[in-house]
Amino acid sequence: MRRSIGRLSAAGIAILIGTAFLTATLLAGTVINRITTDSIAAQFADSDLVVANGAGIDEAGLEEIRGTEGVEAADPQVMRAFELVSGSKRTYQVVVPTASDPRFEAQEVVEGAMPARSGEIALPSDVAERFGLALGDTVTVVRSVWTPSAEGAAPEAGAPTEEGALPQDAASADGGGDAAPADEPAPDEEAPAGTFVDTNEKLTLVGTLDDPMGAYAQVGGAGVLSDEDLTAWEAESFVPGDSATSYNAVLVALAPGTDLEAVRSTVTGSLGGDTKVWTSAEYAKDQAAQMTGGEDVFTYVILTFAAIALLVAALVIANTFQVLVAQRTRTLALLRCVGADRKQLARSVLLEAVILGLVASVAGILFGIGLVQLALTVAGSMDLGIPLPSVVQVTAVAVLVPLLVGTVVTLVASFSPARAATRVAPLAALRPSDAPTLSSGAGRVRLAISSILVVGGAGLLVLGVLLGQQGSAEAGLLAATAGGAASFVGVLVGAIFWLPKVVSLVGKVLTGSGSTAKLAAANTLRNPRRTAATSTALLIGVTLVAMMSTGAVSARMSMNNELDGRYPVDVSLATDGYDEYGGNQPVELPQSTIATAEKVDGVESVVPLTATSVTVPLDGNDITFLARGVDPGAATALSRDKKAVEGLAPGTVVVPAGVAESWDISTGDQLVLTAAPLPEDANPEGTPATLEALVTPMGGRALLVTPQTLEGVATGAPVTTAWVGLADVNDAASVVPALQDALADSDLPIDVTGAAVERAMYQKVVDTILGVIVGLLAVAVVIALIGVANTLSLSVIERRRESATLRAIGLSRSQLRWMLAIEGMLIAGVGAVLGILLGILYGWAGASAALAVMGDVTLAVPWRDVALVLVVALVAGLLASVIPGRSAARTSPVEALAVD
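Note that our numbering gives residue 1792 to position 788 of the sequence shown, counting from 1, and the numbers run on in steps of one.
Structure (structure tokens):
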């Protein structure tokens, strides 16, 4: 090993990176689990016990707990959300009641105090700062109060039905509303009549809060109200007849000296049923386990990528040992001649692999621990709002598993070279071994296995795509995954037969007739096994990167097409987006809002739409719809799907396909639109209009007419919506947040919806996931590129005499370096190109199987990512040849020829 330390270094680096990745993954999983558990446990502060019951604990159960001997205090765990308003700023804020015992309080007071009486509130410091609030300022909380209808009074239009539930889907994106029969009878005549009315509560800010342990980080922080207020508000929010309040968990504080186990046993027995009494740490672990289904999903996912990196490292290690054994055949043969048997030679190779694996694994473990500690240190200096450990907690699993895996991978990778060194006679061992050929039994078996896996895997891939198109997304994805894995393994198994020939052929085609290029192409066939192993290592990483990129861009394109069909325009600004019946009094969209939207960078045009509620006689009932008026030319210019507004003109009404299907409306039908009476306008002005229906692929539920038509049906219909067109919809991720920020100070709540809004969200999610996955796979690619450099370095050593001979007959140093550069770029480039082609194929198959249930799948190629991967592979292949090339060129011909 001392003589081969330089040759083993690349293999050692490969296993070091793989084990470091594995160590960091295991430690990161431990950190994330600890953060999750600590965040949940922080909600229980310093409580001694937590009483939980899946069916809930009612007031009687709460009093039973409080009356248990040894219990000093018991509070239910309560979290509610209300709209918080201050001036023109508003948000939804989670609040909790004041604690009856300091041991239940998870937050700390930064300034002021906790609420001590009704009418007071404490808020997180960042919320108070964002709203510009100081202690003593007044803030408004909007809450809903159930208000019974007067006996005999008709329910208001747009109010909840007698079933106590609102109908479906108002104007999800276009402001449209689900139709509902105005006189549909309620199935439950005993249900109380009434509605929820918003009530404003003026509260005084008495304190600002900090959440040091991230107890409420997942909900953006929590405010604190007096228990008196929250209890009273809760009672007023119930519909008569609804079940009484119950709590999922109750926090318990014990008196000093109380036997915790005795209280646990007493409470469990008194409440009975499925009641469980935990310590706060036990309950936090149980809740964390429920959040992940009892599985450490994050760690499992990342371990998959660690396994890929170690697989690539194994190929690099096997390649290294094959070359080393081939170079030592003369020495091994002499050892056989002087009495060494096959087992001794095999043990010597395997022992060398074990030592290399142990040393590299230990270094990788230390490196992985250092990386996680560095990440914790950097994250700790940032205000992430979650509790982070300051020092990495090294576990036995995080040390022993990488050590064992790294050593075993190295040992297994050396089996084939060890066999190659011992399975031949001493004299035959003086000749280098040949690669498998079709004429040998081993070659035929390898070819048969490869063919079966490729053909069978391809069949499963096709089956997965077909199942996905039939709506069985899970079965389709499972079949496609199995087929992709099987066919890919088949490609790798058979790579030794075709990959070196492809590399050589590409070399001949691309490099012309130059002697240096010809030599480089010929060298790739000198040792097909080494060429195949090196290119295959890169092939694995590139295939997976290309597959994920292709799947992501196909998913993005398919989502975009789906959103274009669901939403008529890029962005819709509406004051009536919540109007599910289209039966509420319309709220006019201020002209200032439209002017503000027009000034946002990236916004190309803004078109106002008038709106009102109308009734249409269908199936013997007057059905209420939300109707919008828009200029046909402007609608056509802004619409994502021109067919959605095609034909809109005076005398026509555009009916969304979903509405048409629900009410059996066809193009050409005559619909009579009449202004619907609204709560504050029982006798609207206007004239009913008979219009020709145009059924189009318009999304949502609203009817669409011209402004002139709507003005005739309902005189004075206000502007309630504005359609916004973006200059480039691909900039949605930056333009939509800018638009939302610009409208944040509006005096009215404005719904910002549309294709671009969801596109921005999906783009962020897809890009984030893709970035993480590609970053993880990059580890495997880096290891593979180390393998390319290793191959070239060993190739230089192996061909030292040949290089000297070439120098002696006239090959210059620059030509020798260029020969190695071409060889490196050929191996890396062909591996990258084949990986890209396979990745695109697998990405398309996966997207077709998984996304077909959404509708039509758009298959796309991530050209930018493909080009980047190819360029990186070629540059890396070129750089990998620099040191070997210098080494080969620096040695004089005479010195090289003298080497034994």
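All C-beta atoms, glycine included, are put in the ideal place defined by N, C-alpha and C.
Task: Through-space distance from N1204 to A1024, alpha-carbon basis - done: A1024 and N1204 have their C-alpha atoms some 57 Å from each other.
TODO: Spatial neighbours of G1672 within its chain, please: CB distance less than 8 Å, with the 5 preceding and 5 following residues excluded, ordered by chain position.
DONE: Within the same chain, E1696 and A1697 come within 8 Å of G1672 by CB-CB distance, once the 5 residues on both sides are set aside.
Task: Own chain, CB closer than 8 Å to D1438, minus 5 neighbours either side, in chain order - done: Only weak support exists for where D1438 lies, its pLDDT of 48 falling under 50; the value from the coordinates is given anyway. Cβ neighbours of D1438 beyond the five flanking positions: none.
TODO: Using the Cα positions of A1706 and S1230, report the straight-line distance between them to the nearest angstrom.
DONE: CA-CA distance, A1706 to S1230, rounds to 43 Å.
TODO: Taking the CB atoms as reference points, tell me whether A1226 and V1099 lie closer together than 8 Å.
DONE: Cβ atoms of A1226 and V1099: closer than 8 Å.
TODO: Answer yes or no: do L1393 and V1035 have a C-beta to C-beta separation smaller than 8 Å?
DONE: With the sequence shown as reference, residue 1393 is identified as Pro, and Leu is not the correct amino acid for it. The answer is yes: Cβ separation under 8 Å.
Task: Nearest-angstrom beta carbon gap, I1373 and L1026 [assumed within contact, 8 Å] - done: Not quite, the Cβ-Cβ distance comes to about 12 Å (not below 8 Å), so this is no contact.
Task: Bridge partners - A1204, DSSP secondary structure assignment - done: Position check: residue 1204 holds Asn in this sequence, whereas Ala was assumed. According to DSSP, N1204 bridges with V1146.
- [ ] For the alpha helix (DSSP H) containing Y1846, list its first residue and its last residue.
- [x] Y1846: member of the alpha helix (DSSP H) spanning R1817 to L1855, first to last residue.
- [ ] Keeping to the same chain, check which residues put their C-beta closer than 6 Å to that of A1253; ignore five residues upstream and five downstream.
- [x] Once the five neighbours on either side are set aside, the close Cβ partners of A1253 are V1054, A1056 and Q1081.
- [ ] Would you be able to state if there are at least three C-beta pairs under 8 Å between the stretch 1396-1414 and the stretch 1356-1369?
- [x] Note that the stretch 1356-1369 touches the stretch 1396-1414; at least 3 beta-carbon pairs, one per stretch, sit closer than 8 Å.
Open item on the list: Assess contact between the stretch 1603-1615 and the stretch 1630-1641, defined as three or more Cβ pairs (one per stretch) separated by less than 8 Å. Is contact present?
Closed with: Touching, yes, given that three or more Cβ pairs across the two stretches are closer than 8 Å.
Open item on the list: If you reduce the DSSP assignment to three classes, tell me which class R1560 lands in.
Closed with: Under the three-state reduction of DSSP, R1560 is assigned to helix.
Task: Contact set for G1988: own chain, Cβ-Cβ below 6 Å, skip 5 residues either direction - done: The requested residue 1988 is not part of the displayed model; the chain covers only 1005 to 1904.
- [ ] Go to A1064, then tell me how far its alpha helix (DSSP H) extends in each direction, as first and last residue.
- [x] From DSSP, the alpha helix (DSSP H) with A1064 extends over E1063 to R1070.
Task: Backbone CA spacing between A1138 and D1214 [nearest angstrom] - done: Those two C-alpha atoms are separated by around 15 Å.
Task: Alpha carbon of F1242 to alpha carbon of T1235, nearest angstrom - done: Distance between the alpha carbons of F1242 and T1235: 12 Å.
- [ ] On a CA-only basis, which of S1896, V1376, L1630 and P1741 is nearest A1808? Give me that one, please.
- [x] It is S1896 whose Cα lies nearest to the Cα of A1808.
Open item on the list: On the CB-based measure, 16 or more other CB atoms within 10 Å of its CB, does L1378 come out buried or exposed?
Closed with: That one is exposed.
Open item on the list: Suppose contacts are defined by Cβ-Cβ distances below 8 Å. Is L1523 in contact with S1491 by that definition?
Closed with: No, Cβ-Cβ distance for L1523 and S1491 is not below 8 Å.
Task: Range covered by the beta strand (DSSP E) that runs through D1755 - done: Run containing D1755: D1755 to T1757, per the beta strand (DSSP E) assignment.
Open item on the list: Using CA atoms only, rank isn't needed, just tell me which of A1893, R1868, V1756 and G1850 is closest to A1812.
Closed with: By alpha-carbon distance to A1812, the top candidate from A1893, R1868, V1756 and G1850 is A1893.
Open item on the list: Using the Cβ count rule (16 or more neighbours within 10 Å means buried), how would you classify A1078?
Closed with: Looking at its Cβ environment, which holds 16 or more other Cβ atoms inside 10 Å, A1078 is buried.
Open item on the list: Could you compute how far the alpha carbon of V1149 sits from the alpha carbon of E1238?
Closed with: If you take the alpha carbons of V1149 and E1238, they lie about 9 Å apart.
- [ ] Report the residue ranges of all alpha helix (DSSP H) runs contained in full by the stretch 1443-1520; include only those spanning at least 4 residues, in chain order.
- [x] Within the stretch 1443-1520, the complete alpha helix (DSSP H) runs of at least 4 residues are 1445-1473, 1477-1497 and 1499-1515.
Task: Contact under 8 Å by Cβ, L1471 with A1462 - done: No.
Task: Burial state of P1216 (16 or more Cβ within 10 Å) - done: It counts as exposed.
Task: Integer-rounded CB distance, given that V1870 should sit under 8 Å from A1550 - done: Right, their Cβ atoms sit about 7 Å apart.
TODO: Count the other C-beta atoms from every protein chain shown that fall within 10 angstroms of the C-beta of R1448, then say buried if there are 16 or more, exposed otherwise.
DONE: Taking every protein chain shown into account, the CB of R1448 has fewer than 16 other CB atoms within 10 angstroms, so this residue is exposed.
TODO: Might you give, ordered along the chain, the residues of its own chain that have their beta carbon closer than 6 Å to the beta carbon of A1085, omitting 5 neighbours on each side?
DONE: Hits under 6 Å: Y1096 and V1098.
- [ ] Counting only the same chain and skipping the five closest in sequence on each side, list residues whose C-beta sits under 6 Å from that of V1557.
- [x] If you ignore the 5 residues before and after V1557, its C-beta comes within less than 6 Å of the C-beta of A1864 and P1866, all in its own chain and listed in chain order.
- [ ] Report the rounded CA-to-CA distance for T986 versus S1250, giving the unit in angstroms.
- [x] Coverage of the chain is limited to positions 1005 through 1904, which leaves residue 986 absent and any answer about it impossible.
- [ ] Please go through the same chain and pick out, in chain order, the residues whose beta-carbon is closer than 6 Å to the beta-carbon of G1889, but skip the five residues on each side of it.
- [x] These residues qualify, in order along the chain: R1821 and L1824.
Task: Three-state secondary structure (DSSP) of Y1968 - done: Residue 1968 lies beyond the stretch modelled for the chain, which goes from 1005 to 1904, so this question has no answer here.
TODO: Could you pull out every residue in the same chain whose Cβ sits closer than 7 Å to the Cβ of I1453, ignoring the five residues on either side in sequence?
DONE: Excluding sequence neighbours, I1453 sits near V1497.
Open item on the list: If I follow the unbroken alpha helix (DSSP H) through F1371, where does it start and stop?
Closed with: Note, F1371: alpha helix (DSSP H), R1346 to G1384.
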